[in-house]
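Here the structure is laid out as structure tokens; the discussion comes afterwards.
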Amino acid sequence: FPAGPMVFCSKMAILQGGLLLAERQLRPKRLEEMDKADWSTIRDAMLGTANEVCSSPEHSDIKKIHWKKKILALLWMKMLRMSPHCKTHNDGLQLDDDDNDDSESDLFFPINHMMPMINRTFLFELVKDLQAAAEFAQLMNLLPADVCARETKHFLAHVLKDAVEADVALLLDVWRGILLHAGCKKTEGELEKAFEDNLKPASPELVDICPAAKRPKKDNDCGVVLDASNSNDIPAYFIESLFKIAGEIVAPVHKYEALANFADTLFKSALHQKGLDLWGLPVEEYVDKVGVLMHLRGFKMSRDHNSTVEQVREVENEVYNNHSGGVLRLDVCQLNRYLKSFCELLEAWKEGLCIIQEDQPVASRAAVESYRMVDSLRRLCSVMSLNVSVSEDPVTTSGAISFEPLPLSNILAQLEPTHTWQVPDNVQLLVATTMVDRKMRRHQDVCELMIARVDWAIKEERWMQCLKKNISRLNTPQLVLALARTFAKVIAQLKGGLASESLLLLKAKRLKESLVSTFSVLAPAGCNEVLRTVVEETGGDGLGVERLEALAEDFAMDMNLVFNCITDTSSGDGLSRAICTVGTAALLAPRATVNEICRQAVTNVGAPSIMAQVLLGLPALAMPVKNSRGDSLSMLLDCLSTRTLGQLSTEKEERQFVEFLRALTLSPQQSSHPLISPAEILNTFVLPYLQEQGSILEFALKIFSQILNIEGATKRHWLMDCSPFPIIMCLSQQLERRKVCRCPDGLQTGEGEHAVMEIKSHLMEVLAQVCVIVQNAMSVETTDWARSVDWLDHSVASMDWSVRLHLLPILSPQRKACAPEVLFGVCKLPDARWERCRSEDSSLYGPGTGLLAWIECCRVSDGLAEQMIKSLHVDQTQPEEVNLFSKGFLLVVTQILPECTLTEWRRVVRVMCRLLEARVLHVPVTLEYVQFLPLTDLRPFSVALRVSQLLLRVFQLLCGSSCAGWLSHAGWAHAVSLAAGTFVDMMREFGTRRSNAAPRGTCEGVAGVSSPEGIGFAACQLFCHALHIMAMVKVDHCESLFLAALEILSTVEGARGAADSSCSTLEQANQKQFLEAIAENAAVPEHRATLLQKISQL
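Per our numbering, numbering through the sequence shown is continuous, rising by one, with the last residue being 1948.
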């Protein structure tokens, strides 16, 4: 005890006076000599003194308990404090005054001399009449183990001697206190700490305050063998004492308490034998047990908040200790014996236990103890039903628990209906909120339970106050998720039309603010865990804010604010903020948020990559959900699919959509799995539309082309796991439908010619990509795909031979390429790799069409074009044969131009250049537009000039009477655009000085261009040819050629700027005048004015 007023104060003087008065009343005996019968003589004096010390009006209940405990501690210390050389006087222990009287350093020294000596009889009788069994048991728990065992022995001997009902109650209450506090060495205040510290040995050599017994002794009063040095004998001693006085126990309340204590002792021992330290209890049941005990003890709401907290804390500690093991336990042999004895005792008392519940009013001791009894029996039955025993203690595992819990269960089944209590909701809520506010045991679990109670959220303001007070502690995904579920249920109640909706709506808004606040502080992993569960449980519909008009408007405003604030995600902080704000919106309405993300990505420039980064930070939004058709599909994919059908109105939106898809296939950091795999995109956006027509098919092919470039995590391409051969078959069928597209009668798809050419171009590009991927895979796993190749060969056997040429990378070299008979007449093809088609497959190719078949082969692929050029048979020594070939080539180019895609036409132009360079093709350059010749080498431009001349001749044929009506409006526009593209490609090549090789799709004949005069002359010739073609075609087809003419003039301007001083001003003026004369022939006034303006600026 600390020195000062805590010891030497008026309270101590009162206690001293009471003790001296009691000693005077007891004379001629001294207090240390009294026995049990003498207590009545001094009882009133001691109780009056104790009540005066404890019951001062200024003290609260907590202070009263404190002073009661302090009285017992001082008196017990007075009795126990002895030097190691101790002597016995009757029933008590006293200090050897010779050793300690003058020890001024001894903290207990002043108290030792101001109070008379007492014995245990005095102490135990005072405990009984003060009803301080709980405080006494708590102090006993603080004693050293062997001292505690001896003191327990003395206590039980005292109680059993001439036992009356009050002694029975005292024994049971102390037993209960020992069970609750044994092993709980945590001292809560200065009083307990001082009591414990002052009972420690004075030197390390001393084992205890008094020497321990050398061997077990048999107590003469109880008939039980107790090793005074072994605290584990204490529970057995209490049980034997119970058997001793069982016949004296008549009152039901004492039977309830006795059985409860007995069952708790067996439970704690069995729990240890089963290898457990704590009996797991669901948090709902945990709170319910605390609430029931509070209710049965007559708890009433108090204005003293601290008093309420202490009551909850006390009951909560009791419930926890009830379900935990203790240091005082029985060994296996004792446990088996006492289990049988317990069942016998329970059977003997059974008839008096089944009482009518109405006979036990709430707040009665009988109600509390009957509840404790049933609860203890239930726990004992549960632990005895476990089939585990993992104890490694050789003492406790010397035998096994041999007990059949069935009889106990049968009795429990009879008792439970008559001993079941319901706790009011307000008491349960008070318990839960107090445990959360004060961070008592399991406060996190209790917090989750409290949050999940929708009825409390709707009706109780205390619930909302506790939530607001502890909002910063809701920092785990489990708690936020529980709050989200409660919010959703509150919204559902509002939608159901509850009374007082305005008040409930206000609570819902406050609850939403709390939910958003707690969610926003979670770590990214926690946010995704919450979102994943919300999406899974609601199917992506969220918590219901959209279905309630009063909240839907607020949510729409919040959504706009969220996406308006997402501007810069280049920095880590900016991206994190964007992910957090979008995640908060997604928590309330996941599907609506993902739909808005998709809309933002498609409509705003630069948004695809930003929105993809946000979604990569919220992978929970891509988890599978049930869509409107009942299919399990990623919610992100489902929302994206709604954006494709009729929602994308411009090419820009389509382009951004494809860019968004590609960004979503990138793997997020520290993860190998992207939000959407290329295979999922293929199955969602491509395969369902491969049999469609028009813009839907075209858009699907654009997506397909993009995702084919995405590489997977392994060397094996992801497409090989998506049944590539049926896809190739489908693409080939679509390509065959678009083989002939130069007139409406030849169309088989119902699409316009321009759309047909665009789709055909995409089909050929995608088919080529797929064939390369499959070819690479087959080179590694040839045998694995043999059957698939056989199936594909059989499936495409009936298709047009030119379509089958696209599949040569897959079908060869095991299978020969098929071509019409006429092709073999113009080129020498090896029989080992080529064969002639059946007559019905080549019926369209009659005599003289061999060159047409040859040019069709050339436009399929670069490799096949090279093979055709090498195998072409033209005798260049025969001028007539070269002349005939050149005329035939002009005709087939005229025929094939409207059917070519841009890629195919560029391939045909490269073939022209190769033939012109090899002098196999003869195209004379006329002097029609040559006013003067520059003094420079024009050989680098010879091929370009002849290609331009050939284009002019092609359009002269197309515009002639023999081809009138042959092309549709769209066919003309397409043919003109291809010619214009060729002019533009050549201008770009002119701008490449001293190039070693021509880029793909351009004419190689201008490689090495370096003379500005030569570039200017050649560009002027091409300008004249372009204007000539513009004059021949209809006005509404001229736009692309007009743009090409402007490009040519820009090249002329660049050449004039690079010309040296040798080029005279007169020559430049003449060139400018010549160009103006040509431009005057432009039919469209706007075109003519623009061209003349451009020329005037040269």
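We put the beta carbon where it would ideally sit given N, CA and C, even for glycine.
Check, Outcome
"Contact the segment 1492-1507 vs the segment 1460-1470: 3+ CB pairs below 8 Å", "no"
"Bridge partner(s) assigned by DSSP for A1669", "R1686"
"Beta-carbon spacing of A1451, F1510 below 8 Å", "yes"
"Outcome for H1723 when other beta-carbon atoms lying within 10 angstroms are tallied against a minimum of 16", "exposed"
"CB contact flag (L1398, S1364, <8 Å)", "no"
"F1549 and E1504 closer than 8 Å at C-beta", "yes"
"Beta strand (DSSP E) segment containing V1137, residue limits", "Per DSSP, V1137 belongs to no beta strand (DSSP E); it is in the alpha helix (DSSP H), V1133 to L1146."
"Nonlocal neighbours in the same chain, by C-beta distance under 8 Å from I1945, ignoring five residues either side", "L1899, K1922, L1925, E1926 and A1929"
"Residue closest to G1467, alpha-carbon to alpha-carbon, out of C1489, T1500 and A1513", "A1513"
"Residues near P1054 by beta carbon distance below 7 Å, same chain, minus five either side", "In this prediction, P1054 has a pLDDT of 36, which is less than 50 and means its spatial position is unreliable; nothing more can be read from the coordinates."
"Pairwise C-alpha distance: T1431 and N1414", "11 Å"
"Of the residues T1336, L1354 and I1578, the one placed nearest L1344, counting alpha carbons only", "L1354"
"Distance between beta carbons of E1754 and R1709, contact taken as under 8 Å", "4 Å"
"E1340 (DSSP reduced to helix, strand or coil)", "It is Val, not Glu, that sits at residue 1340 in the sequence shown. Reduced to three states, the DSSP call for V1340 is helix."
"Cβ-based burial, I1557 [other Cβ within 10 Å; buried from 16]", "buried"
"Contacting residues, own chain, Cβ-Cβ under 8 Å from H1656 (five flanking each side not counted)", "S1582, L1585, M1614, L1617, A1618, C1621, V1710 and S1711"
"Range of the contiguous beta strand (DSSP E) that encloses L1483", "S1482 to S1484"
"Span separating the alpha-carbon of A1013 from that of G1039", "35 Å"
"Cα-Cα separation between G1841 and V1743, rounded to whole angstroms", "27 Å"
"Cβ shell of M965 (< 7 Å), same chain only, five flanking positions each side left out", "Q866, L869 and K928"
"Three-way DSSP call (helix, strand, coil) for C1677 in this model", "strand"
"Reduced DSSP category for V1834 - H, G, I as helix; E, B as strand; rest coil", "helix"
"Cβ pair L925, I968 closer than 8 Å", "yes"
"Own chain, CB closer than 8 Å to V1770, minus 5 neighbours either side, in chain order", "L1722, V1724, Q1726, V1732 and F1735"
"Cβ pair Q830, V1834 closer than 8 Å", "Absent from the model: residue 830. The displayed extent of the chain is 851 to 1948, so no value can be given."
"Start-end ranges of the alpha helix (DSSP H) lying completely within the segment 1873-1942, minimum 4 residues", "1889-1908 and 1915-1929"
"Where G1456 falls, given that 16 or more other Cβ within 10 Å makes a residue buried", "exposed"
"Spatial distance of M1882 from L1532 (CA atoms)", "46 Å"
"Among T1500, P1524 and R1441, the one whose alpha carbon lies nearest that of L1486", "R1441"
"Simplified DSSP state of R1592, which is helix, strand or coil", "Low local confidence applies: a pLDDT of 46 at R1592 is under 50, so the model's placement there is unreliable, with the coordinate-based value given in what follows. The answer is coil: DSSP assigns R1592 none of H, G, I, E or B."
"Residues of its chain near V1934, where Cβ-Cβ distance is below 8 Å and the 5 sequence neighbours each way are ignored", "V1885, C1888 and F1892"
"For V1475, the residue or residues it bridges with in DSSP", "L1483"
"Beta carbon of V1384 nearer than 8 Å to that of L1437", "yes"
"Distance, A887 Cα to E1015 Cα", "15 Å"
"Between the CA atoms of V1330 and N1048 - distance to the nearest angstrom", "49 Å"
"Alpha carbon of Y1221 to alpha carbon of M1473, nearest angstrom", "49 Å"
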